[in-house]
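Below: the structure, in structure tokens.
Numbering (full-length UniProt numbering), first residue to last: 1 to 289.
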């Protein structure tokens with residue numbers, strides 16, 4: 001009597017092992033190239049910030065904080081050792097706050113009008129909104145300076161001319177940011193509120209505004225950062241005033257104290273704290289839902 005024997009079937013693990021060993025180096029590169037490039041880009045972007053934070057603890061020899069000499073907390077103990085620098089910081093913060101508030105309000109209203117309404121000049125206005133972002137800042141600054149010269153004269157350049165110029169180019173960024181948030185919002189939520197007999201004001205305050213609020217907050221932070229950081233347009237419209245970027249540019253030529261790195265580190269820490277707080281609040285809101 002003969003017995004039938006079935007041929008041995010290789011196990012899945014036994015077949016997978018030779019296949020894993022036969023993987024080409026090209027396949028391994030394809031799997032790891034994106035994380036590697038992402039890591040390199042993040043290091044490239046964050047390394048200057050790390051250098052600024054490290055050099056803020058330096059005790060330089062001479063007037064320029066360019067070469068590491070000795071660890072010290074002197075700059076952190078007295079960041080406003082130079083009263084002119086602290087005055088320029090206060091001026092930049094005042095201009096940035098006013099420009100952010102006005103640009104955010106105007107840009108949000110324009111974004112709602114562009115997304116929710118259809119009118120004849122809509123495409124033309126949409127194209128004009130990109131001009132402040134596309135035009136070179138040198139050209140824009142020179143044009144604004146010529147406009148102010150012809151209207152109020154050279155002696156009128158100062159706080160309000162800087163603020164008007166910052167509002168002008170910040171509005172475009174606010175409109176683009178808020179428009180992207182409105183475009184991705186589900187309109188059925190507003191329709192549901194209206195079906196439940198909510199008035200237009202109640203629908204806007206209780207439904208629309210909370211949904212658009214993250215986009216408005218992001219636009220406001222972007223506008224504030226652009227205003228505080230701007231140098232080229234400010235230099236054309238500042239007159240005798242000196243904002244913080246202008247002070248730094250002058251310090252590169254005459255003296256660069258460690259206090260500048262302290263202020264830069266504080267701005268970096270403040271920005272990271274705001275981002276972390278927004279993430280925590282967003283997760284808490286998602287958990288409640």
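Ideal Cβ positions, reconstructed from N, Cα and C, are used throughout, including at glycine.
Given the structure is predicted, the values throughout are model-derived calculations rather than measurements.
Item                                                                                                                                                                                         : Value
Specify, as a first and last residue, the run of the alpha helix (DSSP H) that residue 281 falls within.                                                                                     : 258-288
Which whole runs of the alpha helix (DSSP H) in the stretch 79-152 are 4 residues long or more, in chain order?                                                                              : 83-116, 122-128, 131-134, 137-151
Measuring straight from C-alpha to C-alpha, what distance separates residue 268 and residue 278?                                                                                             : 16 Å
For residue 71, which beta-bridge partners are listed by DSSP?                                                                                                                               : 58
With a 10 Å radius around its C-beta and 16 neighbouring C-beta atoms as the bar for buried, classify residue 272 as buried or exposed.                                                      : exposed
Taking the alpha helix (DSSP H) that residue 216 belongs to, which residues open and close that run?                                                                                         : 209-229
Rounded to whole angstroms, how far is the Cβ of residue 223 from the Cβ of residue 174, which I believe are closer than 8 Å?                                                                : 6 Å
Can you give me the C-alpha to C-alpha distance between residue 73 and residue 49, rounded to a whole angstrom?                                                                              : 18 Å
From the DSSP output, which residues share a beta bridge with residue 64?                                                                                                                    : 256
Quick check on residue 24: does DSSP put it in helix, strand or coil?                                                                                                                        : coil
Could you check what DSSP says for residue 31 in three-state terms: helix, strand or coil?                                                                                                   : helix
Spatial neighbours of residue 44 within its chain, please: CB distance less than 7 Å, with the 5 preceding and 5 following residues excluded, ordered by chain position.                     : none
Using the Cβ count rule (16 or more neighbours within 10 Å means buried), how would you classify residue 24?                                                                                 : exposed
Please confirm whether residue 213 and residue 104 have their CB atoms less than 8 Å apart.                                                                                                  : no
Any contact between the stretch 182-202 and the stretch 229-248? By contact I mean 3 or more CB pairs, one from each, below 8 Å.                                                             : no
Out of curiosity, what's the CA-to-CA distance linking residue 100 and residue 29?                                                                                                           : 45 Å
May I ask which residues mark the beginning and end of the alpha helix (DSSP H) holding residue 200?                                                                                         : 200-203
Excluding the 5 residues flanking residue 255 on each side, which residues of the same chain have their C-beta closer than 7 Å to its C-beta?                                                : 63, 64
Residue 141: which of 181, 163, 53 sits nearest, CA to CA?                                                                                                                                   : 163
By the DSSP assignment, the alpha helix (DSSP H) with residue 161 in it spans what residues?                                                                                                 : 159-183
Looking at the secondary structure, which residues open and close the alpha helix (DSSP H) in which residue 193 lies?                                                                        : 188-195
Leaving out five residues on either side along the sequence, give the residues of the same chain with a beta carbon under 6 Å from the beta carbon of residue 185.                           : 211
Quick check: what's the CA-CA separation for residue 51 versus residue 275?                                                                                                                  : 21 Å
Between the beta-carbon of residue 111 and the beta-carbon of residue 182, is there less than 8 Å?                                                                                           : yes
Indicate whether the contact test is met: 3 or more Cβ pairs, each with one atom in the stretch 137-154 and one in the stretch 227-241, closer than 8 Å.                                     : yes
How many whole angstroms separate the CB atoms of residue 265 and residue 53, which I take to be in contact at a CB cut-off of 8 Å?                                                          : 5 Å
Taking the alpha-carbon positions, what's the residue 282 to residue 209 distance?                                                                                                           : 15 Å
Give every residue of the same chain whose Cβ lies closer than 6 Å to the Cβ of residue 329, excluding the five residues on either side of it in the sequence, and list them in chain order. : The requested residue 329 is not part of the displayed model; the chain covers only 1 to 289.
How many Å lie between residue 37 and residue 130 at the Cα?                                                                                                                                 : 31 Å
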